[in-house]
Amino acid sequence: MERDIPSQGRDAHRGAWLRHMAALSRDEAYRELGTRPDGLTGAEVEASRARHGANAPRRIRRPSPIRRLLSSFADPFTYILVGIAIVSALTGCILPAPEGRDASMPLIICGIVLISGTLRFIQDERSAHASDALANMITTTCTVRRGGGGRTEVPLSEVVVGDVVQLGPGDLVPAELRIVAARDLFVNQAALTGESQPVEKFSMSADRAPTADDAVTDLADLAFMGTTVVSGAGEGIVVATGSRTLMGEVSAALTGGTEKVTAFDEGVSETSRLLVRIMLTMVPIVFALNCLTKGSWFDALLFSLSVAVGLTPEMLPMLVTTCLGKGAVDMSHERVITKRLDSICDLGAIDILCTDKTGTLTENRAELVHHLDPQGTESPRVLRYAFLNSHFETGLRNLIDGAIIRRAEGWMDGLADGWKRVDELPFDFERRRVSVVLEDGTGGTHMVTKGALAEVLGICSMVEVGDAPRPLTPQLRDDLTTKAQQLADQGMRVLGVALLDDPADVGALTAEDEHDMTFVGSLAFMDPPKLSAADAIAALAAHGVETKVLTGDSARVAVHVCQELDIPLKGTLTGADVEGLDDDALAQTAQGATVFAKLSPAQKARVVHALRSRGHTVGFMGDGVNDAAAMRESDCGVSVDTAVDVARESADIILLEKDLMVLEHGIECGRRSFQNMLKYVEMTVSSNFGNIFSVLVAAAFLPFLPMTAVQLLLLNLIYDISCTAIPWDGVDDELVRAPCSWSTRAIRRTMLQLGPISSLFDLLTYALLFFVVCPAVCGGAWGTLGPDGQVLFVATFQTGWFVQSMWSQVLFVHLIRTRRMPFVQSRAAAPVIALSAAAVALATVIPFTPLAGVLGFSPPPALYVGLLAAVIAGYACSVMCVRRLAHRPHRP
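Using numbering that gives the first Met the number 0, the letters of the sequence shown map in sequence onto residues 0 to 891.
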């Protein structure tokens, strides 16, 4: 009877169950799981699946379509607009008498909200579908024994506890397995532990029983879900599936907890609070002043609500969605898929990129770098014997053999033709070496051995020095070990090669025959750095992004890779160092370190949290189970399409190439999208903030409203529509050279610097209209006119300020979008120029159309055209001067 697995939901039980299965013999393992060497029957498969569940880690459940649609409207600025729309509906449609009702304001605001939220929902759904399509691009299968020993291919999700799984090179381990048979079986556990070198798996015998000090991932007769077979062959019994595996443990941890709050989210929320504070301060003052000076509380309330709408960047939700949507399209052209739209801004904001080493900075393969004789000189003879050993070794070759054979290609073509294999001692875990006996063309036999350096030196009594063997003295042995250590310090793995002529007992070779051999030389392997990584890291640095390496591999290897890629090394921390520091000390120390080695998944996440706590915007790039928690903790998690499922699910950005240069292009796209969003916020808030002071002055000193509520709302609507082309605008190169973060302080500073300029020229326009233009049109000053003359005076004044406001606001778009000379050194994109021109033309023409009477406008005189040109020219010069002074580099 199959024993119930006591690992559901509790990590300690999970580890105890795996240790228990690792300690059993093969026959005991079969009995414990209620299975047989020839596998489960169909009925037993269904019973096991019903008892233990499907073989799939717990996934983050997506909300329903209705909830996703509603969440598209969950935006701070949308809340503000909805609140204003409700108040305006009460005051304009419900409370007034039927003949005085006006629904234009709430209808316009509701239209903006609906368009913005709908566009955001559509773009979010497109991104989600793209991500799902990516995850389902490849259906992975495995081979199992079922129904009396027959082999069949099944999807990984259909594997159940008790299945007998066949393993071969390139296979993905489908679940937690107890290995019951193995031949040269090497498994890459980098996705789980971060270690780049494959580990050997074999069926445990009684004298190799695991101890309590062994980590679960170090148990050699267990293979873990999500790891991959590098070489060899094996067979294992499934002992745990789905959420009960180590990968499932990480996935379950990620499905719990709250959604992370990123730097972009914090910036939007802080800006929203700033706008709310300004409105709560300004709107009551505008209302009170207009009530006191104009006498109509109803008109004063409508005008105050229009001012509130004017202060709010109404189109921001739609502009944000459009900018992010276009950014997602642009990034897809750079082979970058965006899962969460807001992550585009987070990607552009990162100033620290934490990345794993294997496969990102390195090629994730073995490469033979040196084949050295005992004196440390490159030797074809060493490569020759290493090639013969790898070529004639039976079974499936591992990465090391492949690297040797690739290095010998072109050098030793046809070498194997003169040799014949007559015997072999395969690699095993205890000896850590492989020996082959070869016969040459003359009938002589030679035993060639390669393996771990210490084990090879242990069976040697001689060493080749020049052309003649010499006794391997303790001093020579120490010298060889020291040279190997020096290579290891450079991130290399060192093996030894030895030779014995005319070995005894050919045909019945045993480990006892490996003795008194002659040491021929050493082989040094490494996982080479990617050719593109150095350029990518330099490009990231030029864009203000510091690279830090977080790896489960050794510090020596990681440091060497950083040196090869010219990554400035500021310091190194190991997992033990991280464990010994409290949160505050780690936050301070982590800023000064470049390499973090031998880290557990939890320690990686802790380092990321420490860096974020110091005000950094942190991205994390990884592809393994051990990277998932750190990706979730970061502001922007980055993974690749070939990553394990849980890593892809934790990521915000997915690269279709595991290349930092692709990521650098993505960062630049993210910054361009962010800069276009920032343009709209800065230009709208600054311009409208200046208009608020203009309105306050008008409310205090003018005997009439400078614009009606409908006129002010129409002005905002035309201006906002002209801004819808901003997502397609270009961005100056200097604006994307540094991280772009949403800074409310910077927005406030721009608002306080440029807003008063807008207000100053509004007041100048007031004076010109009140004292020059309107008296010229009406035939006298305000106090000398009768009722009809005062109506014309007000209409002329409101028209003049309406036209001037549109001209100045549209011009402001082109002044604030660049730090260069606008229209000369930096020109806006064609759609921006076209809509800007259309907005100015429309605002200028409306007073000359039949709509003028409906809106309360009057055609301005020719005199006003010249005055308007002078005001606009002065405004442009003032804004450019202030911008230049604000961005002038500080000198010591």
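Here a beta-carbon is modelled for each residue, glycine too, at the ideal position from N, C-alpha and C.
I725 and L714 have their C-alpha atoms some 18 Å from each other. Across the structure, S672 and T480 are spaced so that their CA atoms are roughly 55 Å apart. Cβ-Cβ distances below 6 Å link M676 to V319 and C322 in the same chain, with the five nearest sequence neighbours on each side left out; the list follows chain order.
The C-beta of T749 has 16 or more other C-beta atoms within 10 Å across all chains shown, which makes the residue buried.
Residue state for D422 is assigned as strand, using DSSP reduced to three classes.
In the structure shown, F72 adopts coil according to DSSP, grouped into three states. CA-CA distance, F822 to G665, rounds to 28 Å. Contact between W727 and K325 is confirmed by a C-beta separation of about 7 Å, below the 8 Å threshold.
Between D622 and H559, the alpha-carbon positions lie close to 22 Å from each other. Residue ranges of uninterrupted beta strand (DSSP E) with 3 or more members, entirely inside the region 508-575 and ordered along the chain, are 516-525, 545-549 and 571-573.
Per DSSP, reduced to three states, the secondary structure at N625 is helical.
Per DSSP, D477 is one residue of the alpha helix (DSSP H) stretching across P473 to D488. Here the alpha carbon of I343 sits roughly 5 Å from the alpha carbon of G669. With respect to the 9 Å criterion, A827 and V812 are classified as neighbours on the basis of their beta carbons.
Collapsing the DSSP output to three states places S740 in coil. The residue from V577, V179 and S63 with its alpha-carbon nearest to that of M20 is V179. If you draw a 10 Å sphere on the C-beta of C880, you find fewer than 16 other C-beta atoms in it, and that means exposed. At the C-beta level, D565 and A533 come within 9 Å of one another. Closest in C-alpha terms to L768, from the list F796, D583, Q752 and T783, comes F796. In this structure, the straight-line span from the alpha carbon of P567 to that of V447 is close to 43 Å.
Residue nearest to R334 within the set V709, L68 and L659 is L659 (criterion: CA-CA distance). Measuring C-alpha to C-alpha distances from T226 to each of A538, T707, R276 and P197 identifies P197 as the nearest. The beta carbon of G38 sits closer than 6 Å to the beta carbons of R144, R145 and V163 from its chain, once the five residues preceding and following it are set aside; these are given in chain order. Counted as a single uninterrupted DSSP element, the beta strand (DSSP E) harbouring T448 occupies residues T444 to A451.
Beta-bridge analysis with DSSP links I351 to E545 and V617. A Cβ-Cβ contact shorter than 9 Å links S460 with H514.
The C-beta distance from I236 to L176 rounds to 6 Å, short enough to fall under 8 Å.
Residue burial annotation: L834 is buried, with at least 16 other C-beta atoms found within 10 angstroms of its C-beta. Judged by their CB atoms, R420 and F426 are not nearer to each other than the 9 Å cut-off. Around the beta carbon of D400, 16 or more other beta carbons sit within 10 angstroms, so the residue counts as buried. Taking 9 Å as the cut-off, the Cβ atoms of R339 and D640 do not count as close. DSSP lists no bridge partner for F201.
Counting only runs that start and end inside the region 702-734, there is no beta strand (DSSP E) element of at least 3 residues. With 16 or more other CB atoms across the displayed protein chains lying within 10 angstroms of its CB, C561 is buried. Uninterrupted alpha helix (DSSP H) stretches at least 4 residues long and entirely within the region 822-876 occur at 829-844 and 850-854, given in chain order. A buried status is given to V548, since no fewer than 16 other beta-carbon atoms sit within 10 Å of its beta-carbon.
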